[in-house]
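The structure appears right after this line, and notes come after that.
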Amino acid sequence: MTPLIVLVVVTGALRAAGAAGVRRLQSWPSALRGGLAAMFVVTGVSHFVGMREDLISMVPPALPKPGLLVSITGVLELAGAAGLLWRRTAPWAAGGLSVLLVAMFPANVYAALEGLTLSGAPAMALLPRTLLQVVFLAATLTVLASHLRERRTARFAGALAGGCTVTRT
């Protein structure tokens with residue numbers, strides 16, 4: 074639940090800063106990028122500190138080298154968090170983190186179905202965990218879609234400014 078709280082609180086705080094006049098944070102997608110970055114820093118760090126053994130236990134037995142997989146996914150989460158903070162790399166980071174969320178979901182399924190304990194408490198049940206994963210995935214895909222929409226709008230405006238006619242087919 075901590076990642077959701079971090080996502081909501083940081084996104085809300087950044088959006089409030091945007092409403093107070095911080096130009097770079099005046100759009101929801103910009104604030105969401107910051108919220109996601111904070112969330113993935115928290116989850117990425119947990120791959121190395123605090124929950125490492127719990128995360129290793131979540132790796133389904135069919136997969137090799139669980140410790141290495143947890144390290145790799147932790148590094149990818151931290152790299153994705155950094156990538157979200159730079160506008161140029163944000164869509165790539167959001168896309169990569171979307172794929173990562175899908176790829177790591179089987180570990181959450183395994184933890185729920187096997188009744189594993191995480192930080193001394195039972196793993197979240199499958200339905201709430203799935204819904205939480207959908208929220209995280211929706212957030213990363215929103216950042217990606219926002220960038221694609223901005224890019225398409227900029228191309229359209231550029232074509233109009235250049236005297237070209239743009240037709241839809």
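Each residue of the sequence shown is one higher than the one before, starting from 74 at the first, in the working numbering. Glycine included, every Cβ here is placed at the ideal spot set by N, Cα and C.
Count the other CB atoms within 10 Å of the CB of residue i; is the residue buried (16 or more) or exposed (fewer)?
i	result
THR226	exposed
ARG96	exposed
LEU297	Missing from the structure shown is residue 297; the chain here goes from 74 to 242 and no further.
LEU204	exposed
ARG222	exposed
PRO137	exposed
ALA194	exposed
VAL143	buried
Roughly how many angstroms lie between the CA atoms of residue i and residue j, to the nearest whole one?
i	j	result
LEU141	PRO102	33 Å
GLY153	MET124	20 Å
LEU189	VAL83	29 Å
ILE78	PRO134	30 Å
ILE145	ARG224	31 Å
ALA176	VAL81	23 Å
GLN246	GLY94	There is simply no residue 246 to check, as the chain begins at 74 and stops at 242 in what is shown.
PRO164	ALA104	14 Å
SER119	ALA89	28 Å
ALA184	ARG161	36 Å
LEU87	LEU151	20 Å
If I measure Cβ to Cβ from residue i and keep anything under 7 Å in the same chain, skipping five residues before and after, which residues do I get?
i	result
SER192	MET124 and ASP127
GLN99	GLY91
LEU69	No answer is possible for residue 69: it lies beyond the span of the chain, which begins at 74 and ends at 242.
ALA20	For residue 20 there is no data in the structure shown, the boundaries of the chain being 74 and 242.
ARG37	Missing from the structure shown is residue 37; the chain here goes from 74 to 242 and no further.
PRO139	ILE129 and VAL132
Shortest alpha-carbon distance to residue i belongs to which of the options?
i	options	result
THR213	GLU223, ALA135, ARG106 and VAL81	ARG106
MET131	ALA104, LEU210, THR203 and ASN181	ASN181
ALA111	LEU158, ARG202 and VAL143	LEU158
THR219	LEU149, PRO139 and GLY168	Sequence check: residue 219 is Ser here, not Thr. If we check each option's Cα against that of SER219, GLY168 comes out closest.
LEU170	ARG202, VAL114 and SER119	VAL114
Roughly how far, in whole angstroms, is the beta-carbon of residue i from the beta-carbon of residue j, given that I think they are within contact range, below 8 Å?
i	j	result
THR116	PRO179	So it is not a contact: roughly 16 Å between Cβ atoms.
ALA200	LEU186	According to the sequence provided, residue 200 is Leu. The question's Ala does not apply to it. With a Cβ gap of about 12 Å, LEU200 and LEU186 do not count as contacting.
GLY147	PHE121	6 Å
Can you list, in chain order, the residues of its chain with a C-beta nearer than 6 Å to that of residue i? Leave out the 5 residues immediately preceding and following it.
i	result
PHE209	LEU174
LEU149	LEU173
MET197	none
Of all the CB atoms in chain C, is at least one closer than 7 Å to the CB of residue i?
i	result
ARG160	As a matter of chain content, chain C is missing from the structure shown, which is built from one protein chain.
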